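Read through the structure below, which is laid out as structure tokens, and then see the notes.
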Amino acid sequence: MKGSSTKNISAKAFLLLTISFNICINSSLAIDYGAQKASTEFIKTSCSKTIYPSLCFTSLSSYTDAIQTSPRLLAQTALSVALDQVVSTSAAMLRLSKAPGMMPREVGPMNDCLEELTDSIDELKRSMGEMSQLNGSPNYALLISDIQTWVSAALTDEDTCMDGFAGKAGNTKNVVRGRILNVAHLTSNALALINNYNSLHG
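Residue numbers 21 to 222, in the working numbering, belong to the letters of the sequence shown in order.
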């Protein structure tokens, strides 16, 4: 009888432990879901203030855990996404420039474009470095000014790259302009979110 009673107590303890564990797990999931939903809404609302809101949301909606509801982290993530895209686009264009069949009239604009993208990458990297120092910095005004200047310069470089292919026919032009247009729109969105963060900070 004593052994049976001990088994019953053990079974009840195990059941209570299991129930408590499930409650904790469900509560945690509910909190995580609530935080993710809040972050998603925050990103959508913030992106509505950019020139390309749909692209903004689709490019950032998978980073809810990193962004949460922080305007600074949102701007920083948007900048990182733009930088990654410029790097991959530059690499793709470098491969394209070395592919057989490149028309002579496309070689010059392609090389110029690659130089512009190299500058854009450098400017966005410098901006990322400064963004990581913004939080609580006594030099906030100087840092944010530098960031805005560099991101604007990167956007100008990307636009200049596209201009080099204006009026030119051929598949290369379409491929290049399509890729650069996407990069420029991501950079534009990053700049808008940086400006929005700065307006809230002030």
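C-beta: ideal position from N, C-alpha, C; glycine also. If you're wondering where the values come from, they're calculated on a predicted model, not measured in any experiment.
Among the residues of its own chain, which have a CB less than 6 Å from the CB of residue i, if the five just before and after it don't count?
i             : result
cysteine 133  : Cys181, Gly184
arginine 92   : Tyr217
aspartate 177 : Glu136, Asp139, Ser140
Leaving out the 5 sequence neighbours to the left and right, which residues in its chain are closer than 8 Å to residue i when beta-carbon positions are compared?
i              : result
asparagine 131 : Ser117
arginine 197   : Met182, Phe185
Excluding five sequence neighbours on each side, which residues of the same chain lie with their C-beta closer than 7 Å to the C-beta of residue i?
i            : result
arginine 146 : Trp170
glutamate 61 : none
leucine 114  : Leu134
threonine 89 : Ala58, Ser59, Phe62
lysine 232   : Past the boundaries of the shown model lies residue 232; the chain is included only from 21 to 222, so the question cannot be answered.
Cα-Cα, which of the options is closest to residue i?
i              : options                       : result
serine 138     : Pro91, Ala111, Gly156         : Going by the sequence as given, residue 138 is threonine instead of serine. It is Ala111.
serine 74      : His205, Arg92, Gln88, His221  : His205
glycine 54     : Phe77, Thr84, Ser66, Asn159   : Thr84
threonine 78   : Ile164, Asp166, Leu154, Cys67 : Cys67
methionine 148 : Val101, Cys76, Ile87, Tyr72   : Val101
Roughly how many angstroms separate the alpha carbons of residue i and residue j, rounded to a whole number?
i              : j             : result
glutamine 96   : glutamate 135 : 25 Å
tyrosine 217   : arginine 125  : 43 Å
valine 107     : alanine 173   : 16 Å
methionine 122 : proline 129   : 11 Å
serine 81      : isoleucine 63 : 7 Å
leucine 94     : proline 120   : 41 Å
glycine 156    : serine 208    : 25 Å
isoleucine 200 : tyrosine 160  : 31 Å
glutamine 56   : valine 127    : 47 Å
threonine 109  : aspartate 142 : 14 Å
Is the separation between the beta-carbon of residue i and that of residue j shorter than 9 Å?
i              : j              : result
leucine 239    : glutamine 168  : A question about residue 239 goes unanswered here, because the residues of the chain that appear run from 21 up to 222.
methionine 151 : leucine 99     : yes
valine 9       : glutamine 105  : Residue 9 lies beyond the range of the chain shown here (21 to 222); nothing can be said about it.
leucine 103    : leucine 144    : yes
leucine 13     : isoleucine 164 : No information on residue 13 is available, as it lies outside the stretch 21 to 222 that the chain covers here.
Any heavy atom of the ligand SAH within a distance shorter than 8 Å of the CB on residue i?
i              : result
methionine 182 : This structure lacks the ligand SAH, and indeed carries no ligand of any kind.
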